[in-house]
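Right, one structure below, let's go through it.
Number of protein chains: 2
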Amino acid sequence: MASIKDVAAEAGVSAATVSRVLNDHPSVSPEARTRVLAAVEALGYRPNAVARSLRTDQTHTLGLVISDVMNPYFTELARAVEEEARALGYSVIFGNADERPDLQDHHIRTLRDRRIDGLLVSPADGGSPLMLDAVRAGTPMVFVDRWIAGTDVPVVRADGREAVRDLVAHLHGLGHRRLAIITGPAATTTGRERVEAFREALRAYDLELPDDHIGQGDFQAESGRRATERFLDLPEPPEVVFAADNLMALGVLDAVRARGLRIPEDIGLAAFDDIPWFVHTDPPITAVAQPTRELGRAAVRALVDRIEGRAPKSVTLPARLVVRRSCGEPAPERSKP
Amino acid sequence: MASIKDVAAEAGVSAATVSRVLNDHPSVSPEARTRVLAAVEALGYRPNAVARSLRTDQTHTLGLVISDVMNPYFTELARAVEEEARALGYSVIFGNADERPDLQDHHIRTLRDRRIDGLLVSPADGGSPLMLDAVRAGTPMVFVDRWIAGTDVPVVRADGREAVRDLVAHLHGLGHRRLAIITGPAATTTGRERVEAFREALRAYDLELPDDHIGQGDFQAESGRRATERFLDLPEPPEVVFAADNLMALGVLDAVRARGLRIPEDIGLAAFDDIPWFVHTDPPITAVAQPTRELGRAAVRALVDRIEGRAPKSVTLPARLVVRRSCGEPAPERSKP
DNA sequence: TCCCTCCGTGTAATCGATTCCACGAGGAGG
DNA sequence: CCTCCTCGTGGAATCGATTACACGGAGGGA
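Chains as they are written, first to last, in the working numbering: chain A, 100 to 436; chain B, 100 to 436.
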């Protein structure tokens, strides 16, 4: 692979001049410029990003540590992050933590070893020493979706409070009174917040949220299945289950189907996170939709602001309720008569 | 951030010795080794991967250029690739080509600029000059899922021929005779092969595949919708539609639902690629399942073999039919009486 | 005419590692 | 006791870029 010296030789100038042309430094004569450009063309020269990074201490690469790639919500987030990063001239290295703090640490470590310019994290836990080290060491960082308290890292996230209130209003309007929730890990902010928002919304209708109506989940399908089975074994099972993410909703579907029960006739279902497939499940699922792409874009912008010396700002975007049929009473349909 | 010199100073040895300890070179005295290790610990030193890469000409990074991240099949593939790569000591940089050749080229270019050790590609087209350049330049490469003829790049893929035969047998057994297919882009091998396999399987039952029963799709949901509408507008619409990927199957679902028709009563549906959600759609969808994780792992192993100087081998794994209810006649269910 | 300034360019240092080579000490063998 | 080999170590070159600095020549002002 041709190096800058080869180009310099071909163009009959020094490597310094080639570098100046490539970084369009002002003081290069027009003749030198054209000769260099011709040599670059002739050799198909491409600057070695590794060497450049070593010298400039910039990799133009961002790290994204995501809790679970198989979760469509995070997939969409990742896609949006990559798009915006590309638009701003950055590449992205993804790390899939699979909700495991040890894997999360692994990725943070290797990403920092590679001297990425900044880190986008959706923490799987309350913050490992390693992550806090990274923050303290001054690695530019932005939290997305989930965050860790007690740091001054900017946070880009959705606020579901309003949408959860709308959901409870919707359920109450349909006559449901015994509502249950399957939460995420208490170590995650989203795990805690979503129960809190739900509890608060219930309070407005003088509804209770007894402990046996709170299923402890981990944002994975299997935990949704287990929690649902426990609900169904209750002497008086809940009328509606609210899953705090889309994968656990899948688990609910599984469990309900395994017992030969039907949604919404036997039990209702709602989910946090809306994804394309929810339109096509049996039945279509009512969900709280996050502005996922905007979150991804905003997160990258905040991180790049931080990297390039501008003040990054935290962003909170509203989520909204999308009513479908999984809690009873069909949403208006446009089917032909 | 501490460098090797800082460690050397702290340990009272030269940088060369530190390097030797870290790469466990045999000739280092035990005392020097412990002093260096202590200094590394004390300073929290981590080698700069950028500098190391410049010197050794190895980045321990693979590039994965995928046609569409939002497609669950590729997501699963990406996950498997990252897992296996991690196990072998490599990181992965993903590039999402979104089925666009220009984006694919962009990613190949920036990945090569970053001097990735090898490239895993699922080509969105028949091979751009840039991709062929990369092959000719000797960049270690492996094609996964899709491939490009006329290169000696190893290919890791699934063979769906047998499973498609099983599918046609299944459909024929259910009494269906007018079968249609929605294909992928003719520029992709999977786009072409799947029609070919289908056509061949039909021939065994003396069934025709008239042109108006071939919908030209592009592996995206919208094209599945459009093709289905055209099928439904036919004087005698097909009895079953076979979508050549899971996203186009989603489009079929959309189109059928929009007309107020039902699956499988009014029209049957089968898909290439099985994904978790197909169990939960209305109705559950019959699909040809690829051994996605094994493909991902095998692809990484082949690529790493190539990188590390061993002879890489192409791998073809069989796909298999998973029968559900979307073509009629329920599959055996374990629901309680 | 002389001097100062500015412009274009090349030389060399630098980033942080790895690795070749040389050197001194110590042990083995003659 | 001398020679030779091995072992542990440090010095210095190297990877491919960027960039501070020096230098020569041209041009302008006094």
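Just so you know, even glycine gets a beta-carbon here, dropped at the ideal spot from N, CA and C.
Would you call residue i buried or exposed, if buried means 16 or more other Cβ atoms sit within 10 Å of its Cβ?
i	result
Asp-204(B)	buried
Leu-349(A)	buried
Val-112(B)	buried
Ser-448(B)	Chain B is shown from 100 up to 436; residue 448(B) falls before or after that span and cannot be answered.
Cys-426(A)	buried
Ala-310(B)	Note on identity: in this sequence residue 310(B) is Asp, with Ala being the wrong assignment. Asp-310(B) should be labelled exposed.
Tyr-189(B)	buried
Asn-122(B)	exposed
Pro-228(A)	exposed
Pro-417(A)	exposed
Pro-171(B)	buried
Arg-302(B)	exposed
His-312(B)	buried
Ala-177(A)	buried
Val-409(B)	Here residue 409(B) is Arg; the residue named in the question, Val, does not match the sequence. Per the 10 Å Cβ criterion, exposed.
His-206(B)	buried
Gly-395(B)	buried
Output, in chain order, the set of chain A residues within a Cβ distance shorter than 8 Å of residue i.
i	result
Ala-438(B)	The structure shown does not extend to residue 438(B), since chain B is modelled only from 100 through 436, so no value can be given for it.
Trp-376(B)	Leu-349, Trp-376, His-379 and Thr-380
Ala-150(B)	Leu-153
Arg-145(B)	Arg-208, Arg-211 and Asp-212
Check whether the Cβ of residue i lies closer than 7 Å to any heavy atom of the ligand GDP, and answer yes or no.
i	result
Ala-348(A)	The ligand GDP is not part of the structure shown, which contains no ligands of any sort.
Return the first residue and the last residue of the beta strand (DSSP E) that residue i is part of.
i	result
Ala-369(B)	367 to 371
Phe-341(A)	339 to 342
Ser-190(B)	190 to 195
Ile-374(B)	Counting along the chain, Ile-374(B) falls outside any beta strand (DSSP E), and DSSP gives it neither H nor E.
Arg-419(B)	419 to 421
Met-240(A)	240 to 243
Leu-218(B)	217 to 220
Thr-160(B)	160 to 165
Thr-282(A)	278 to 282
Compare the beta carbon distance of residue i and residue j with 8 Å and say whether it is the shorter of the two.
i	j	result
Arg-419(A)	Ala-370(A)	no
Val-263(A)	Phe-297(A)	yes
Thr-155(B)	Arg-213(B)	no
Trp-246(B)	Val-254(B)	yes
Ser-152(A)	Val-191(B)	no
Thr-282(B)	Ala-343(B)	yes
Glu-109(A)	Met-169(B)	no
Val-243(B)	Leu-270(B)	no
Val-421(A)	Glu-183(A)	no
Asp-381(B)	Asp-372(A)	no
Thr-160(B)	Ile-215(B)	yes
Val-454(B)	Arg-119(B)	There is no way to answer for residue 454(B), as the model of chain B reaches only from 100 to 436.
Candidates the options: which alpha carbon is nearest residue i's?
i	options	result
Asp-365(B)	Ala-279(B), Pro-336(B), Val-403(B) and Gln-315(B)	Pro-336(B)
Pro-411(A)	Pro-417(A), Ala-397(A), Pro-334(A) and Val-422(A)	Ala-397(A)
Leu-308(B)	Thr-327(B), Arg-424(B) and Ile-280(B)	Ile-280(B)
Gly-226(B)	Arg-199(B), Glu-183(B), Gly-217(B) and Pro-239(B)	Arg-199(B)
Asp-332(B)	Leu-360(B), Met-347(B) and Gly-194(B)	Leu-360(B)
Gly-237(A)	Pro-383(A), Arg-178(A) and Leu-402(A)	Leu-402(A)
Thr-250(B)	Gly-259(B), Met-240(B) and Ala-257(B)	Met-240(B)
Val-164(A)	His-379(A), Pro-284(A), Gly-272(A) and Gly-217(A)	Gly-217(A)
Arg-145(B)	Ala-101(B), Pro-129(B), Leu-306(B) and Ala-357(B)	Ala-101(B)
Leu-273(A)	Arg-329(A), Leu-368(A) and Gly-316(A)	Leu-368(A)
Leu-278(A)	Leu-306(A), Val-252(A), Glu-295(A) and Glu-292(A)	Leu-306(A)
Ser-322(A)	Ala-137(A), Val-252(A) and Asp-353(A)	Asp-353(A)
Ala-347(B)	Arg-356(A), Pro-375(A), Ala-114(A) and Ser-166(A)	The question names Ala, but residue 347(B) in the sequence shown is Met. The shortest Cα separation from Met-347(B) among Arg-356(A), Pro-375(A), Ala-114(A) and Ser-166(A) belongs to Pro-375(A).
Going by DSSP, what residue range makes up the alpha helix (DSSP H) through residue i?
i	result
Ala-388(B)	From DSSP, Ala-388(B) is part of no alpha helix (DSSP H) but of the beta strand (DSSP E) over 385 to 388.
Val-254(B)	Counting along the chain, Val-254(B) falls outside any alpha helix (DSSP H), though it belongs to the beta strand (DSSP E) covering 254 to 258.
Gly-395(A)	391 to 406
Ile-313(A)	That residue, Ile-313(A), is in no alpha helix (DSSP H); its beta strand (DSSP E) goes 313 to 315.
Asp-201(A)	200 to 212
Lys-104(A)	103 to 110
Ala-296(B)	288 to 302
Gly-323(A)	320 to 332
Asn-345(B)	345 to 357
In chain A, which residues lie with their C-beta within 9 Å of the C-beta of residue i?
i	result
Ile-192(B)	Thr-160, Ser-190, Val-191, Ile-192 and Phe-193
Met-169(B)	Pro-171, Thr-174, Glu-175, Arg-178 and Pro-375
For a contact defined as C-beta to C-beta under 7 Å, what are the partners of residue i on chain A?
i	result
Thr-209(B)	Ser-190
Output, in chain order, the set of chain B residues within a Cβ distance shorter than 9 Å of residue i.
i	result
Ser-126(A)	Going along chain B, no residue has its Cβ under 9 Å from Ser-126(A), so there is no contact; the nearest lies around 26 Å.
Please compile the residues from chain B whose C-beta is within a distance smaller than 8 Å of the C-beta of residue i.
i	result
Leu-231(A)	Within chain B, no residue comes near Leu-231(A); the closest Cβ sits about 13 Å away, beyond 8 Å.
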